[in-house]
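K.L.:
Please read through the structure below; I'll follow up with questions.
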Amino acid sequence: MSETAIWRFLVAIAAVLLLVGNAAIWVDRSLADRDAFVETAVDELEREEVREEIAGEIVLAIIGNQPLIFQLARGPAELAVTRMLATPAFQPLLNLIAAGLHQMVVTGERPTIMIGAEFLPPLLAAIVAAIGPGLPLAFQPQQIEIELFARQDIPSLERIIDPLQAVGLLCGIAGLVILALSVVVDRNRPRALRRVAFALFAVLAVTLLSIVPLRRLYLSQIEDETARSITADVLGAFTTQLIIQSLLLLVAGAILFALSLWWRGTLTRTPEGQHPPIAPAG
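Residues in the sequence shown are numbered from 17 upward in steps of one, following this note's numbering.
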């Protein structure tokens, strides 16, 4: 096997390692980091369509055991709760729901989302006002449970997150070392730089092409429509972060490719590459 073929093989290995390292950095900064996850998830939970999904579950938990009232007052009650979830007073509840989602996705544990004394009275007041005076509401519990993210609904990514956190960063560093060595050792530096640039482009392409099928595969495992809808919105925000992070590979590859072209042009203009001057006549 020629030296060029060996380096091409090693650069291909480096690209795979960088692919793993890029995914590990994204996981560590978004999914595994509880605070970052909750902050991103809350931004999505505050969107009106997501609040409507949550409001539907809350109304179902409060008056779902009263079929007549639920059937007649469901729409106005959900609208009232949707509006309440947009107020600053209910920001802690959205944080609680986002934390429960993180607990499910990262650790595989089943979160318990409780709506108690802090949130239940205003919710009940809003629902009673939406129902109107003609339909009496019988409600005794001091708190209710909302199982938006039951264990059977949302699969855990623990088996993927833990290995990536353990070895992903080392894989990324190893990939960068191999690429750096390929440039240092190869006497044809412009060719080596182009090879590294194409490796970075390949990592970017594989990452972008993998996002949609992997996202669909994950969401297809969520049977509950509400949980799937909420998770899809939250997951969309995280995939956007991965795309933005991966675009750095495009920038780095473009810089290296431009440098290789400049370097090759410089070599062709050296005295060794020029034609000898033509002697003057006479």
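Ideal Cβ positions, reconstructed from N, Cα and C, are used throughout, including at glycine.
Can you name the residues that DSSP bridges to I160?
P.N.:
Per DSSP, I131.
K.L.:
Can you look up N38 in the DSSP assignment and give me helix, strand or coil?
P.N.:
It is helical.
K.L.:
Can you give the Cα-Cα distance for A93 and P138, rounded to whole angstroms?
P.N.:
About 12 Å.
K.L.:
My output table needs one value for D240: the three-state DSSP class, helix, strand or coil.
P.N.:
If DSSP states are grouped into helix, strand and coil, D240 belongs with coil.
K.L.:
Would the stretch 240-256 count as touching the stretch 65-82 if we require 3 or more Cβ pairs under 8 Å?
P.N.:
Verdict: yes, contact present.
K.L.:
Report the CB separation of L117 from V250 in whole angstroms; it is logged as a contact under 8 Å.
P.N.:
Indeed, because the Cβ distance is near 7 Å, the residues count as touching under 8 Å.
K.L.:
Could you tell me if F25 is buried or exposed, where buried requires 16 or more neighbouring beta carbons within 10 angstroms of its beta carbon?
P.N.:
F25 is exposed by the Cβ-count criterion.
K.L.:
Under DSSP, the alpha helix (DSSP H) around S46 begins and ends at which residues?
P.N.:
Note, S46: premise wrong, no alpha helix (DSSP H); not H, not E.
K.L.:
Can you list the beta strand (DSSP E) stretches of 3 or more residues lying completely in the stretch 261-288, in chain order?
P.N.:
Listed in chain order, nothing qualifies, since the stretch 261-288 has no complete beta strand (DSSP E) run of 3 or more residues.
K.L.:
Going by DSSP, what residue range makes up the alpha helix (DSSP H) through F86?
P.N.:
P83 to L101 is the span of the alpha helix (DSSP H), which, as asked, contains F86.
K.L.:
Between I259, A268, T284 and V267, which has its C-alpha nearest W42's C-alpha?
P.N.:
Closest by alpha carbon: I259.
K.L.:
Take V36 and list the residues in its own chain whose beta-carbon comes closer than 6 Å to its own, dropping the five residues that flank it on each side.
P.N.:
Cβ within range, chain order: G184 and C187.
K.L.:
Would you check if the distance between the CB atom of I147 and the CB atom of A89 is smaller than 8 Å?
P.N.:
Going by C-beta atoms, I147 is nearer than 8 Å to A89.
K.L.:
Could you check where the alpha helix (DSSP H) with E65 kicks off and where it finishes?
P.N.:
E64 to I79 is the span of the alpha helix (DSSP H), which, as asked, contains E65.
K.L.:
If you compare alpha carbons, which of T123, V121 and I113 is closest to I131?
P.N.:
Nearest option by C-alpha distance: I113.
K.L.:
Going by beta carbon distance, what residues of the same chain come within less than 6 Å of R167, once the five residues before and after it are set aside?
P.N.:
The predicted model places R167 with a pLDDT of 49, which falls under 50 and marks its position as unreliable, so this point remains unresolved.
K.L.:
Just curious, the alpha helix (DSSP H) that E125 is in, first and last residue?
P.N.:
Element bounds for E125: n/a, residue is neither H nor E.
K.L.:
I think A31 touches A218, with their Cβ atoms under 8 Å apart; what is that distance to the nearest whole Å?
P.N.:
With 8 Å as the limit, A31 and A218 qualify as a contact, their Cβ atoms being about 5 Å apart.
K.L.:
With L220 and L180 assumed to form a contact (beta carbons below 8 Å), what rounded beta-carbon distance in angstroms separates them?
P.N.:
In fact, because the Cβ distance is near 18 Å, the residues do not count as touching under 8 Å.
K.L.:
In terms of residues, what are the limits of the alpha helix (DSSP H) holding S198?
P.N.:
S198 -> alpha helix (DSSP H) spans L185 to V201.
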